[in-house]
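Encoded as structure tokens, the structure appears first; notes follow it.
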Amino acid sequence: MNKKIKRIIAGTAVSLLTLSAVFMTSSVNSTSIAAESPKVTEAAITDAPKYVFLFIGDGMSYPQIQAASDYLGAVGQNRNSKVLTGNKYLDFMKFPVAGSAVTYDSTSFCPDSASTATSLSTGHKTYSGTINMDETQTVAYETISEKLKKQLGYKIGIISTVNLNHATPAAFYSHQASRNNYYEIGLEMVQSNFDYFAGGALKNVTGNDKTKPQEDLYTLATKNGYKVIKTQAEASKLTSDSGKAIVIGETLADSDSLSYANDVKANEWELKDYVKKGIEVLDNDKGFFMMIEGGKIDWACHANDAGSTIADTIALDNAVDEAITFYNDHPTETLIIVTGDHETGGLTIGYAGTDYDTYLANLTNQKLSYAKFDSAYVKKYKDNKTSFNEVLTDVKENFGLLTETDRDAADNPKLVLTKYEYNLLKTAYEKTLSADSSERSQQEYILYGTYEPLTVTITHLLNNKSGINFSSYAHTGLPVGVFAKGAGADLFEGYYDNTEIYYNLANLLKVK
Ligand SMILES: [Zn+2]
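The following block contains the structure:
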């Protein structure tokens, strides 16, 4: 049904409007702006979507999306053309409805994933670091996914590229004063009765206190009727008849998460593969709700690694494509939402060193993530006290950055390190080798954050030579985009608080 027809019906169906007004006052928080919004009447006459996909790019706001889009445009551009051919839209950017959500929490205008995911899943603001509990840490909030399971019998899927008991996935099934209560969060996960979990391994499987091990969370999951699956071969056999399943990635990367898109090997499952399998497992007559987190967009932004940020944003878009394929078979019954929880890193397109120019295609020279470079190269450098000249060979191989005297310098002028840049890199390498674990000075923190000085300086130099920059190693206060397609999508138009995403979903799905 198109928007115009719906508005005509909304204008004539007086009894429906009255009903919807009663419904709104009873179920919407008094501080909510949804009750004043004329869009709400459209929700009242839209059939509740049977299938809901909520994609969350962690740390993904407008800069991450637009940088990925511009990058794809730049790499498709003829190198010799002086005329910019523009960006290439990610598929979710083409959704018919776009809105913006404000992200502050009860602690800060630069909130964290625990509180912002609480807002998305329960419609409440709370402190940074808190998951689905109020500011007194005594009241637990029921989540949209718990309500859908209990009230409508929907099957529930929770997918993340990071640990399944990390803040964002946890905010759909757990209630904890601290996001660091990994074991307790894991306990709530294995007791959730949700149908499909897939992603990185659980943190603290035998408890938060290593000296007093508790019962293994995977053992408890099995006792609670879950199939715990750790290989792709087994995962590929799952069907809608398999029962409850927890799928852990076969190839785990930093902190036992799934690999960065930049590091994925041939045949290794990516986020899209877990979504595709999730659709097969969850498909049923009552409906399903699937939350899919691209968690490593955030990790890459914390580390100021633009190449990995862009690759993981594109990987999230590829996962959205699986939902679009499903939508095409069920267009009147499916809702797809793509949003972020907050911005990370203060990413900007544009840099003081390049003024009005960008050279985004430089980023094609980055072959791996900062984390992979740390584990595969920097560790060896520290053990062997590798010479700076040898390191420069790896920097060229993996990031494309060259010295003035390199034989390929003339062919790649945009990647040649100036004296100033060369010295920044050399100083950073000395800092990396010094293995000085003492607290970093203010200057060192601004230069390197808490990261490996060599690696973060390499990504800073490549970012800047590409015409982009980060201003923080933490989260920032930008609003996030909300892209919607399908049944009830019109509700997500406008500029609103992030809690409205929950209220719109709850009203649309008719859960209390
Ligand atoms: Zn973060």
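Numbering-wise, the working numbering comes out as the position in the sequence shown, counting from 1, plus 50.
All residues carry an ideal CB built from backbone N, CA and C; glycine is no exception.
Span separating the alpha-carbon of residue i from that of residue j
{"i": "TYR232", "j": "THR166", "result": "18 Å"}
{"i": "PHE423", "j": "THR505", "result": "7 Å"}
{"i": "ALA124", "j": "ALA485", "result": "39 Å"}
{"i": "LYS175", "j": "ASN554", "result": "16 Å"}
{"i": "ASP362", "j": "GLN127", "result": "21 Å"}
{"i": "SER309", "j": "GLY293", "result": "27 Å"}
{"i": "LEU475", "j": "ILE508", "result": "7 Å"}
{"i": "SER156", "j": "SER169", "result": "11 Å"}
{"i": "ASN368", "j": "ILE115", "result": "13 Å"}
{"i": "MET183", "j": "GLU471", "result": "47 Å"}
{"i": "SER76", "j": "LEU559", "result": "In this prediction, SER76 has a pLDDT of 36, which is less than 50 and means its spatial position is unreliable; nothing more can be read from the coordinates."}
{"i": "ASN274", "j": "TYR268", "result": "10 Å"}
{"i": "GLY179", "j": "ILE329", "result": "31 Å"}
{"i": "ILE360", "j": "ASN514", "result": "15 Å"}
{"i": "GLU196", "j": "ALA117", "result": "35 Å"}
{"i": "LYS200", "j": "TYR552", "result": "17 Å"}
{"i": "ILE387", "j": "PHE105", "result": "6 Å"}
{"i": "LEU497", "j": "LYS262", "result": "39 Å"}
{"i": "GLU440", "j": "PHE222", "result": "47 Å"}
{"i": "LYS138", "j": "ALA365", "result": "15 Å"}
{"i": "PRO99", "j": "ASP335", "result": "12 Å"}
{"i": "GLY517", "j": "CYS351", "result": "16 Å"}
{"i": "GLY107", "j": "VAL561", "result": "25 Å"}
{"i": "MET340", "j": "TYR324", "result": "11 Å"}
{"i": "VAL564", "j": "LEU452", "result": "Since the displayed the chain opens at 51 and closes at 562, residue 564 lies outside it and no answer follows."}
{"i": "GLU454", "j": "ASN473", "result": "13 Å"}
DSSP state of residue i mapped onto helix, strand, coil
{"i": "MET340", "result": "strand"}
{"i": "VAL189", "result": "coil"}
{"i": "MET110", "result": "coil"}
{"i": "PHE438", "result": "helix"}
{"i": "HIS352", "result": "helix"}
{"i": "GLU393", "result": "strand"}
{"i": "PHE105", "result": "strand"}
{"i": "GLY173", "result": "coil"}
{"i": "HIS510", "result": "helix"}
{"i": "THR453", "result": "coil"}
{"i": "GLY538", "result": "coil"}
{"i": "ILE544", "result": "Going by the sequence as given, residue 544 is Gly instead of Ile. GLY544: strand per DSSP, three-state reduction."}
{"i": "ASP461", "result": "helix"}
{"i": "ALA411", "result": "helix"}
{"i": "LYS205", "result": "strand"}
{"i": "VAL370", "result": "helix"}
{"i": "PHE533", "result": "strand"}
{"i": "THR269", "result": "helix"}
{"i": "LEU559", "result": "helix"}
{"i": "PHE159", "result": "coil"}
{"i": "ILE519", "result": "It should be noted that the sequence gives Asn, not Ile, for residue 519. It is a strand residue."}
{"i": "SER65", "result": "Only weak support exists for where SER65 lies, its pLDDT of 37 falling under 50; the value from the coordinates is given anyway. Reduced to three states, the DSSP call for SER65 is helix."}
{"i": "ASN230", "result": "coil"}
{"i": "ASN213", "result": "strand"}
{"i": "TYR406", "result": "coil"}
{"i": "VAL425", "result": "Inspection of the sequence shows that residue 425 is occupied by Ser rather than by Val. Looking at SER425 - three-state DSSP - the assignment turns out to be helix."}
Residue i: CB within 8 Å of a non-hydrogen atom of ligand 1
{"i": "SER163", "result": "yes"}
{"i": "GLY109", "result": "yes"}
{"i": "THR455", "result": "no"}
{"i": "THR375", "result": "no"}
{"i": "THR394", "result": "yes"}
{"i": "ASP348", "result": "yes"}
{"i": "HIS568", "result": "Given a span of 51 to 562 for the chain in the structure shown, any question on residue 568 remains unanswerable."}
{"i": "HIS510", "result": "no"}
{"i": "HIS380", "result": "no"}
{"i": "HIS352", "result": "yes"}
Beta-carbon separation (whole angstroms), residue i vs residue j, contact threshold 8 Å
{"i": "HIS525", "j": "ASP162", "result": "6 Å"}
{"i": "ASP304", "j": "ALA421", "result": "4 Å"}
{"i": "LEU288", "j": "VAL102", "result": "Actually they do not touch by this definition, with Cβ atoms about 21 Å apart."}
{"i": "VAL147", "j": "ALA426", "result": "Wrong, their Cβ atoms sit about 43 Å apart, outside the cutoff."}
{"i": "LEU214", "j": "GLY257", "result": "The pair is not a contact, with the Cβ atoms about 16 Å apart (cut-off 8 Å)."}
{"i": "GLY207", "j": "LEU332", "result": "5 Å"}
{"i": "VAL152", "j": "ASN548", "result": "6 Å"}
{"i": "TYR204", "j": "GLY337", "result": "5 Å"}
{"i": "GLN264", "j": "ALA227", "result": "Contact flag wrong, Cβ pair sits at about 19 Å."}
{"i": "VAL255", "j": "ILE279", "result": "Rounded, the Cβ-Cβ distance is 15 Å, inconsistent with contact."}
CB contact check: residue i to chain D, cutoff 9 Å
{"i": "LYS294", "result": "Included in the structure is just one protein chain, with no chain D present."}
Are at least three pairs of beta-carbons, each pair with one atom in the stretch 387-396 and one in the stretch 528-543, less than 8 Å apart?
yes
Does the contact criterion of 3 or more C-beta pairs under 8 Å hold for the stretch 362-374 versus the stretch 237-244?
no
If contact is defined by three or more beta carbon pairs under 8 Å, each pair taking one atom from either stretch, is the stretch 412-426 in contact with the stretch 531-548?
no
Check whether the stretch 349-364 and the stretch 305-325 are in contact - that is, three or more C-beta pairs closer than 8 Å.
yes
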